[in-house]
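Chemist: The structure under discussion is supplied below as structure tokens; questions concerning it will follow.
In my numbering, the protein residues as written are 50 to 207.
What follows is the structure in structure tokens.
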């Protein structure tokens, strides 16, 4: 009868642990859905891209950190290797996020520059033909060449 009580307690403990895991998963799902809804409200596409990448990165890291909880069926040496591998994944995810943020910033700069140039082209097109229009076209052309060189240098520096 004592063995039956021990077995029943173990079953109940396993059920409680399973219920706790399910509750934590449900809570995480609700929080992630709320975060997705907040991101969807962001109007600026570049800000939205940043928020999406940051949220995806944070979620991936949180999922990895859940795996970092000590596995009871591993040896100490295996646990250390497992922990190091997961930590390495987290570092790589953070590095990739930094690269993604730079890429998004570069895309945003390129889009803003394109819009600025379209506005300048429209202004020049509205000017009356003559020396003033030619001077403005040359000035804008030189300005753009300088901007292109600066952009290239910034991109190469990384």
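In this text, a Cβ means the ideal position worked out from N, Cα and C, and glycines have one as well.
For residue 164, is the beta carbon positioned less than 7 Å from some heavy atom of the ligand ATP?
Modeler: The ligand content of the structure shown is nil, which means the ligand ATP is not present either.
Chemist: Residue range of the alpha helix (DSSP H) that residue 92 falls in?
Modeler: Looking at the DSSP string, residue 92 is not in any alpha helix (DSSP H), and its letter there is neither H nor E.
Chemist: Assess contact between the stretch 188–198 and the stretch 144–154, defined as three or more Cβ pairs (one per stretch) separated by less than 8 Å. Is contact present?
Modeler: With a cut-off of 8 Å, the stretch 144–154 and the stretch 188–198 do not count as touching, because too few Cβ pairs lie within range.
Chemist: Flag this pair as yes or no: are the beta carbons of residue 110 and residue 139 separated by less than 8 Å?
Modeler: Yes, the pair counts as a contact, with Cβ atoms nearer than the cut-off.
Chemist: Out of 117, 85 and 153, state which residue places its alpha-carbon closest to the alpha-carbon of residue 137.
Modeler: It is 117 whose Cα lies nearest to the Cα of residue 137.
Chemist: For the alpha helix (DSSP H) that contains residue 143, what are its first and last residues?
Modeler: 125–175 is the span of the alpha helix (DSSP H), which, as asked, contains residue 143.
Chemist: Output yes or no for whether 8 Å exceeds the beta carbon distance between residue 95 and residue 156.
Modeler: Yes, they are a contact pair.
Chemist: Quick check: what's the CA-CA separation for residue 197 versus residue 177?
Modeler: Computed Cα separation, rounded: 28 Å.
Chemist: Going by the beta-carbon positions, is the gap between residue 185 and residue 173 smaller than 8 Å?
Modeler: Result yes, Cβ atoms of residue 185 and residue 173 sit closer than 8 Å.
Chemist: Should residue 76 and residue 104 be called a contact, given that it needs their Cβ atoms to be closer than 8 Å?
Modeler: Their beta carbons are not under 8 Å apart, which means residue 76 does not touch residue 104 by this criterion.
Chemist: When we look at the beta-carbon of residue 58 and count the other beta-carbons within 10 Å, is it buried (16 or more) or exposed?
Modeler: Exposed: under 16 other Cβ atoms inside 10 Å.
Chemist: Have a look at residue 131 and residue 66 and give me their C-alpha separation to the nearest angstrom.
Modeler: Residue 131 and residue 66: Cα-Cα distance of roughly 23 Å.
Chemist: Taking its Cβ as the centre, do 16 or more other Cβ atoms sit within 10 Å of residue 99, making it buried, or is it exposed?
Modeler: Looking at its Cβ environment, which holds 16 or more other Cβ atoms inside 10 Å, residue 99 is buried.
Chemist: With a Cβ-Cβ cutoff of 8 Å, do residue 88 and residue 101 count as a contact?
Modeler: Contact flag set, yes.
Chemist: Look up residue 84 in the DSSP assignment and say whether it is helix, strand or coil.
Modeler: Residue 84: helix per DSSP, three-state reduction.
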